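J.: In the working numbering, the protein residues as written are 566 to 818. C-beta: ideal position from N, C-alpha, C; glycine also. Computed from a predicted model, the values in this text were never measured in an experiment.
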């Protein structure tokens, strides 16, 4: 199931910053005390938006649509295979939706990007007030999808977002030259490559509660390559309630 993606992300900068730290995951506080942290088994997969950008030698960042479509397709394939090979969740076929309903779902993907970015930064922060905020994971997207849930009988939705930054040949050469010149001057210079970031969340469509979310990042990953993206998703889904810790990536990777 795929929707056409038309929204312009509003939290790209948040996710770039979030990519500077390690991965994390959490379940909503309403589930944290349960003996079994179970999530709704049947979920609707919302539009996948794994954006891939090119960074020029001058530092200009531009999203590449063809690369983005390829990476989003890789992510969708992995999740479809994972659903088929495990009992943790089952992806539902999309019901017939009006244009307005499709637009509403797309808006919630963009909203998830903001909420997940905030939750991620809070959990990674060294600032006391943010650490205190992260203790109780009670993030929500709001009940905006409740009418759609009531009308279609859908209970939960899965949202997948990500970003990757690919340096041009000129930028890579400039980074190498910077390292060489730094070495000649007696200064240690670390090459600054792009950060790959992926996040998956499960949302209760009636309450809007973020029931579970996980994130992973890497500085040695190219989302245009299916094995690279699969490896990062495999690490992320190890924390999904109901999946075995050593769950392998379907189809290899």
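#1: Do residue 639 and residue 791 have their CB atoms nearer than 8 angstroms?
#2: First and last residue of the alpha helix (DSSP H) that includes residue 674?
#3: Of all the options 783, 769, 784, which has the alpha carbon lying nearest to the alpha carbon of residue 777?
#4: Express the C-alpha separation of residue 663 and residue 803 in angstroms, rounding to a whole number.
#5: Would residue 712 and residue 773 be called neighbours here (beta carbons separated by less than 8 angstroms)?
#6: Report the residue from 775, 789, 655, 596 whose alpha carbon sits nearest the alpha carbon of residue 728.
#7: Kindly identify the DSSP beta-bridge partner or partners of residue 722.
#8: Is residue 542 near residue 714, with beta carbons less than 8 angstroms apart?
#9: Opposite residue 763 in the DSSP bridges: which residues?
#10: In this structure, does DSSP put residue 710 in helix, strand or coil?
#11: Check the Cβ-Cβ distances between residue 760 and every residue of chain B, and say whether any is below 8 angstroms.
#12: Near residue 808, which residues of its chain fall below 7 angstroms by C-beta distance, leaving aside the five closest residues on each side in sequence?
#13: Is residue 615 closer than 8 angstroms to residue 657 when the C-beta atoms are compared?
#14: Going by DSSP, name the residue or residues bridged to residue 655.
#15: Helix, strand or coil: how does DSSP classify residue 803 here?
#16: Apply the 10 Å Cβ neighbour rule to residue 692 and answer buried if 16 or more other Cβ atoms are within range, or exposed otherwise.
#17: Is residue 779 buried or exposed, if buried means 16 or more other CB atoms sit within 10 Å of its CB?
#18: Thinking residue 710 and residue 673 are a contact (beta carbons under 8 angstroms), I'd like their distance in whole angstroms, please.
#19: Whole angstroms are fine: how far does the CA of residue 723 sit from the CA of residue 649?
#20: Going by CA-CA distance only, name the one from 775, 686, 643 that's closest to residue 703.
#21: What three-state label does DSSP hand residue 615 in the structure shown?
#22: If you draw a straight line from the alpha carbon of residue 667 to that of residue 798, how long is it in whole angstroms?
#23: For residue 624, count the other beta carbons within 10 Å of its own beta carbon; 16 or more makes it buried, fewer makes it exposed. Which is it?
#24: Could you check which residue in 793, 591, 613 has the C-alpha nearest to that of residue 604?
#25: Just curious, the alpha helix (DSSP H) that residue 635 is in, first and last residue?
#26: For residue 739, name the three-state secondary structure that DSSP assigns.
#27: Taking 7 angstroms as the line, does the beta carbon of residue 784 fall inside it for any heavy atom of the ligand HEM?
T.: According to the data block:
#1: yes
#2: 664 to 689
#3: Distances from the alpha-carbon of residue 777 to those of 783, 769, 784 put 769 closest.
#4: 35 angstroms
#5: no
#6: 789
#7: 609, 768
#8: Nothing can be reported for residue 542, as the shown portion of the chain is limited to 566 through 818.
#9: 727, 781
#10: coil
#11: Among the chains in the structure shown there is no chain B, since it carries only a single protein chain.
#12: For residue 808, same chain residues with a beta-carbon under 7 angstroms away, outside a window of 5 residues either side, are 651, 653, 802 in chain order.
#13: no
#14: Per DSSP, 607.
#15: coil
#16: exposed
#17: buried
#18: 6 angstroms
#19: 15 angstroms
#20: Nearest of 775, 686, 643 to residue 703, Cα basis: 775.
#21: strand
#22: 26 angstroms
#23: The residue is exposed, with fewer than 16 neighbouring Cβ atoms inside 10 Å.
#24: When only C-alpha atoms are compared, the closest one is 591.
#25: 630 to 650
#26: Low local confidence applies: a pLDDT of 37 at residue 739 is under 50, so the model's placement there is unreliable, with the coordinate-based value given in what follows. Helix at residue 739.
#27: Among the components modelled here there is no ligand, and therefore nothing to report on the ligand HEM.
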